[in-house]
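Numbering (the numbering used here), first residue to last: 119 to 209.
Built from N, CA and C at the ideal position, the CB exists for glycine as well.
These numbers were taken from a predicted model, which means no experiment stands behind them.
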C-alpha cells in the first residue's frame, strides 16, 4: 500500500469525515466553536470580535487559532466555519 492510500484511508476513517484538506496538503479539523455549543455560528463571532476590539492577548477562549491573540485570523476561522454550517458530530 502506498503512503497516499494509507493517508487517504485515515482521512475517510476520521469520525464524521470532518477533516478538510488545506492547499498545501495538510489535513485539519474545523475550528471556531468559541462558545462550545457544538455549532459554529454568529454566537461564536461575538466573543472574538469583542476581544479583538479590546486588543486582548494571552490565553483566551476567543483565540480560534491558538496564537495567543484575538485577531482577524480568528474571525476568519469562525466566519469560514460558520459559512460552511459546521456543527459537532457525536457518536
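If residue 193 and residue 185 are in contact, beta carbons under 8 Å, what's the gap, nearest whole angstrom?
Not quite, the Cβ-Cβ distance comes to about 13 Å (not below 8 Å), so this is no contact.
Pop quiz: residue 150 and residue 158 are said to be a contact at Cβ under 8 Å. What is the actual Cβ separation, rounded to whole angstroms?
5 Å
Measuring alpha carbon to alpha carbon, tell me which residue in 144, 197, 146 and 154 is nearest residue 167.
197
Simplified DSSP state of residue 204, which is helix, strand or coil
coil
From what residue to what residue does the beta strand (DSSP E) around residue 137 run?
137 to 139
Cβ distance (whole Å) where residue 165 is taken to contact residue 180 below 8 Å:
The beta-carbon separation of residue 165 and residue 180, rounded to 4 Å, stays under the 8 Å limit for a contact.
Might you give, ordered along the chain, the residues of its own chain that have their beta carbon closer than 6 Å to the beta carbon of residue 153, omitting 5 neighbours on each side?
161 and 162
Under the rule that 16 or more other beta-carbon atoms within 10 Å means buried, what is residue 189, buried or exposed?
Residue 189 counts as buried, since at least 16 other C-beta atoms from the protein chains shown sit within 10 angstroms of its C-beta.
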